[in-house]
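**Q** Below: one structure in structure tokens.
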Amino acid sequence: MTPSRAVEAFARRHRYHPFEALPWLAAVASYFVFPDYLALGAQILATILFAMSADLVLGYAGIVTLGHAAFFGTGAYTAGILAANGWGEPISGLLAGATAAAFLGFLSGLVVLRTTGLALLMQTLVVATLVAEAANKASFITGGDDGLQGMEVWPIFGWFRFDLFGHTSYAYCLAVLFLCWLAARQIVHSPFGRSLTGIRENVRRMHAIGAPVALRRLVIYTISAALAGVSGALIAETTQFVSLSFLSLERSGTVLIMLIIGGVGRLYGAFIGVPLYMVAQNRFSEIDPVYWYFWIGLLMVLVVVFARGGVLGLFDRFRR
Amino acid sequence: MVLYLISVGLSVTMGLMGFVNLAHGVFAMAGGYVVTSLMSRWGMPFVPALLAAAVAVSLASIPIERVLYRRLYGGEELDQVLLTMGLVFMSVAGATYIWGPLQQPLQPPAWLSGAVDLGIRSFPAYRSFLILCGAALVTALWLGIERTRFGARVRASVDNLRMAQSVGIDTSRLFMTTFALGSGLAGLGGGLGADLLAINPSYALQNLAYFLIVVAVGGLGSIRGPFVAALLLGISDSGFKYLLPEFGAFFIYALTMAILLWRPRGLFGRA
Amino acid sequence: MNTPALETRGVYKSFDALTVANAIDFRLERGARHALIGPNGAGKTTFVELVTGGLQPSAGQIHLDGADITGLPQAARVKRGLVRTFQITALFRRLSVLENVTLAVCERQGVGGGLFRPAGHHRAAIEEAHTLLEQLGLEDESVRPVNMLAYGRQRLIEIAVSLALSPKVLLLDEPAAGVPSSESGTIIEVIERLPSDIAVLIIEHDMDLVFRLAQRITVLVQGSILVEGPREAIAADPEVRRVYLGERDPG
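Protein chains in written order, with the numbering used here: chain S, 27 to 346; chain H, 76 to 346; chain L, 4 to 254.
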């Protein structure tokens, strides 16, 4: 490659590729093609955001966490509690959820990110368990085991009411997801984002080039927490209900599964893994919930052993 | 104390093989199921059932280790987390299929029910037995690890895997044996503690956090660590629940967090 | 202009009962070509770790260009111009050569943490990285991932990355280690062509390399400095010969 071409290629890598329009076209098309499933569709979109936020820490910064649901649930409960106590404006609810989750992410990140590997994994688990237990005990605000009752979410911009069929929910979730995706994409292609890949690939080397590694990890952890909080708030607002399961280990584990199915560290893994998982779960749980557990477990084992990169990884292999 | 029995195997596995084994609870659960089934369907007495369970689980764990776990040694944590999570899910489904969704009750033998009067106070016999077992186990393990050649090899490998290999220690067989031992202990613990930690299909999931916390606080790769941690957590738990019952388990987790803040690698973990 | 580029005063490091660095007083002059040699286990790499911030000394001070950097973390020292390479190549293996070097350039320029403009917009950084690769003869491989290159080329990239950081003091930890002799020639040439205003300290085992590249030599044995002096004096020193008696050149 001649010199200028190498530089050119690098300089142009962040430009938008036609393929990237596909998920959005599919999402918009689904609105018209599957009018009976819009409520589920809204859930899927919000969960894609959750998985994408996890991908930022997991796939890009290499921080393996079993406690991401803590941020999801914090965002959900914040928006929920506001809506149940008189303030049902949805967009400010989202922002409040994001802020609360970011705050938690920042504080827990200060503690948790001082280690790596197994110790880090355990600490994320402990934090999440702490938050879940706190929510359980504070049942006078959170509703405890019964879940948060009495949420009343106002129409968006005073005009678009949340209806039973999910029309508003779907469009709302799609718009929020799009905006957050733009932000995430920007981050991933920025020097900061590239340095995260460096941190994941070789931390020693990052220190040796003068990068403030701890700071960068904390920043991405906080951003990821904020996005997870937004996704939690979205689900809270569109279903008008929050329960303790939003903070559970199972929720943290499930988002990892969805991400690994789609492919970690490529930003789009979430867009593939989440719909696959949730649609399959929707089908199978109706048929036989027990077997759902079995097959998803088996799938995870098979994916890890044979298809480490998830669906996107398989695509790569075919291309070569 | 039950937590110790189950968790010590996990501590060694995670410390030695650097392998995040979230499915450890599955072995404990299997042990519990074997014990309860043997006792209720075949009328086997308690202690033989326990031993049978430990051996059965230990043997069963070997093929799993060879076929699945072995591929991921030294690999990324995420892969290990997902693989073992997958196994946990499969175990939930499997257990429900074989034994149904309900809890399996354990009838402790007559000589364990009631209380033991030691003159000063009387202690519930079952729990005392558990503590005795825990203490006996920690001693046996400690002696085994510190005094035998096998133990020396394990310690060498935990300290420095590559050195151990270059000295000629067959680490893959060592891993297999240690894993089988840890799983067998888990099975034993599951059976012993079936009264305290109920045996039901979601066992591995429900109690995962506890096992991980005991190991995290105790320190990976240590024998004494989980013992101290289990003891500490057990006492604090009772203490907190006595003093401040409204807060329930919250303080335990806060205490765990505090300990991990102070010693990120656990109380006895190696830096 | 008597301030050395790098100086350690009484640096001491022990792990429990084991002393790995014992009262090391070391000076690296500006523009120096200095080598640090010693038998295996002498503590050479430990010394590098102490100087660059990977390890904290139990006692003593480290000065860079006259300023005390003993308490600074590694990244801060790099920002001040104290750069090292690793004995075992430490690069971003799955990233391209160009990207490896560009990351370093961006950090040096202070834009490494930028969130708002895409990396591709930082053309100046990318082009600087590319120019550096050209100077080292690596431009043909700039788009290939590092893990697909021969080991000798990877060692060169190590050096390229360190140069991208505009070092004032450059610590090369066994730059030719593990490199077949057919490829080590390029590495040696690159080191010889390093700008004269950079102070260079080479850790090496290969005596031929040492005598070719260094003007001053420090000999480290079991954590203490045995002797230090100009190349010719060290070559003739009987103590040094004794220490290396039986030592085979591993290269």
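Note that the Cβ used here is the ideal one computed from N, Cα and C, for glycine as well. Please read all numbers here as calculations on a predicted model, not as lab measurements.
Could you pull the start and end residues of the beta strand (DSSP E) that S:F191 belongs to?
**A** Note, S:F191: premise wrong, no beta strand (DSSP E); not H, not E.
**Q** Is the beta carbon of L:I160 sitting closer than 8 angstroms to the one on L:V100?
**A** Going by C-beta atoms, L:I160 is nearer than 8 angstroms to L:V100.
**Q** Measure the alpha-carbon distance for L:S165 versus S:T141 and round it to whole angstroms.
**A** In a straight line, the C-alpha of L:S165 is about 27 angstroms away from that of S:T141.
**Q** Check the Cβ-Cβ distances between H:V289 and every residue of chain S, and say whether any is below 8 angstroms.
**A** Taking Cβ atoms only, chain S never reaches closer than 8 angstroms to H:V289, which makes this a no.
**Q** Is the region 170–187 of chain S touching the region 85–101 of chain S, taking contact as three or more C-beta pairs under 8 angstroms?
**A** The region 170–187 of chain S, when compared against the region 85–101 of chain S, does not touch it at the 8 angstroms Cβ threshold.
**Q** Using beta carbons (cut-off 8 angstroms, strictly below), is L:S199 in contact with chain S?
**A** It does not; no Cβ of chain S falls within 8 angstroms.
**Q** Using a Cβ-Cβ distance cut-off of 8 angstroms, determine whether S:A128 contacts chain L.
**A** With 8 angstroms as the cut-off, S:A128 does not count as an interface residue toward chain L.
**Q** So, helix, strand or coil for L:G46, using DSSP?
**A** Coil, per DSSP.
**Q** What would DSSP say about H:I327, mapped onto helix, strand or coil?
**A** H:I327: helix per DSSP, three-state reduction.
**Q** Counting pairs of Cβ atoms below 8 angstroms between the region 139–155 of chain L and the region 98–118 of chain L, do you hit three or more?
**A** Contact holds: three or more Cβ-Cβ distances are below 8 angstroms.
**Q** Short of 8 angstroms Cβ to Cβ, which residues in the region 126–160 of chain S face chain H?
**A** Listed by position along the chain: V137, R140, T141, G143, L144, A145, L147, M148, Q149, L151, V152, V153, T155, L156, E159, A160.
**Q** When the Cα atoms are used, what is the spatial distance from H:S311 to S:A161?
**A** Approximately 21 angstroms, taken between the alpha carbons.
**Q** Just the chain S side, please: which residues come within less than 8 angstroms of L:K82 by C-beta, in chain order?
**A** Chain S residues near L:K82: G236.
**Q** Please report the residue range of the beta strand (DSSP E) in which L:S227 lies.
**A** Residues 227–233.
**Q** Determine which residues of the region 241–270 of chain H have a Cβ less than 9 angstroms from any Cβ of chain S, and write them out in chain order.
**A** Residues: none.
**Q** How would you list, in chain order, the residues of chain S whose beta-carbon sits under 8 angstroms from the beta-carbon of L:V222?
**A** By Cβ distance, chain S contributes nothing, its closest Cβ being about 26 angstroms from L:V222, past 8 angstroms.
**Q** For the region 199–228 of chain S, enumerate the residues whose C-beta is nearer than 8 angstroms to any C-beta of chain L, in chain order.
**A** Those residues of the region 199–228 of chain S that come within reach of chain L (Cβ to Cβ, closer than 8 angstroms) are Q212, I213, H215, S216, P217, F218, G219, R220, S221, T223, G224, E227, N228.
**Q** So S:R243 and S:L139 are supposed to be a Cβ contact under 8 angstroms. How far apart are they, rounded?
**A** Their Cβ separation, rounded to whole angstroms, is 5 angstroms, which keeps S:R243 and S:L139 in contact under 8 angstroms.
**Q** Give the straight-line distance between the Cα atoms of L:V182 and L:F89, rounded to the nearest whole angstrom.
**A** Cα-Cα distance, rounded: 14 angstroms.
**Q** Could you tell me the alpha carbon to alpha carbon distance between S:V157 and S:G99, rounded to whole angstroms?
**A** Computed Cα separation, rounded: 9 angstroms.
**Q** S:A68 to S:E312, Cα distance in whole Å?
**A** About 19 angstroms.
**Q** Determine which residues of the region 45–63 of chain S have a Cβ less than 7 angstroms from any Cβ of chain L, and write them out in chain order.
**A** From the region 45–63 of chain S, no residue has a Cβ closer than 7 angstroms to chain L.
**Q** Thinking C-beta only, is S:L302 closer than 8 angstroms to S:L75?
**A** No, the Cβ-Cβ distance between S:L75 and S:L302 is not below 8 angstroms.
**Q** Between the region 288–316 of chain S and chain C, which residues of the former have CB atoms less than 8 angstroms from a CB of the latter, in chain order?
**A** Among the protein chains of the structure shown, namely S, H and L, there is no chain C.
**Q** Of all the beta strand (DSSP E) runs that stay within the bounds of the region 167–250 of chain S, which reach a length of 3 or more residues?
**A** Segments of the beta strand (DSSP E) lying fully in the region 167–250 of chain S: there are none.
**Q** Is H:G161 close to chain S? Criterion is C-beta to C-beta, closer than 8 angstroms.
**A** Yes, contact with chain S.
**Q** List in chain order: all unbroken beta strand (DSSP E) runs of 3+ residues lying wholly within the region 68–155 of chain L.
**A** Counting only runs of 3 or more, we get 85–87.
**Q** Distance, Cα to Cα, H:A170 vs S:T194?
**A** Looking at the two C-alpha atoms, the distance is approximately 42 angstroms.
**Q** For S:T264 versus S:A72, is the C-beta distance shorter than 8 angstroms?
**A** Their beta carbons are under 8 angstroms apart, which means S:T264 touches S:A72 by this criterion.
**Q** Buried or exposed: where does L:M151 fall if 16 or more other Cβ atoms within 10 Å of its Cβ makes it buried?
**A** Exposed.
**Q** Of all Cβ atoms in chain S, is any one closer than 8 angstroms to the Cβ of H:M332?
**A** Yes, because at least one Cβ of chain S sits closer than 8 angstroms to the Cβ of H:M332.
**Q** Quick check on the DSSP output: the beta strand (DSSP E) that includes L:D176 runs from which residue to which?
**A** First-last of the beta strand (DSSP E) with L:D176: 172–176.
**Q** May I ask you to list the residues that DSSP assigns as paired with L:H37?
**A** In the DSSP output, where bridge partners are listed per residue, L:H37 has L:L204, L:R219.
**Q** What distance in whole Å lies between the Cβ atoms of S:G112 and S:V256, which are believed to be in contact at a cut-off of 8 angstroms?
**A** About 22 angstroms separates the two Cβ atoms, so there is no contact after all.
**Q** H:L342 CB to nearest chain S CB: under 8 angstroms?
**A** H:L342 does not count as touching chain S.
**Q** List, in order along the chain, the chain S residues whose C-beta lies closer than 8 angstroms to that of L:E102?
**A** Those are F36, R220, listed as they occur along chain S.
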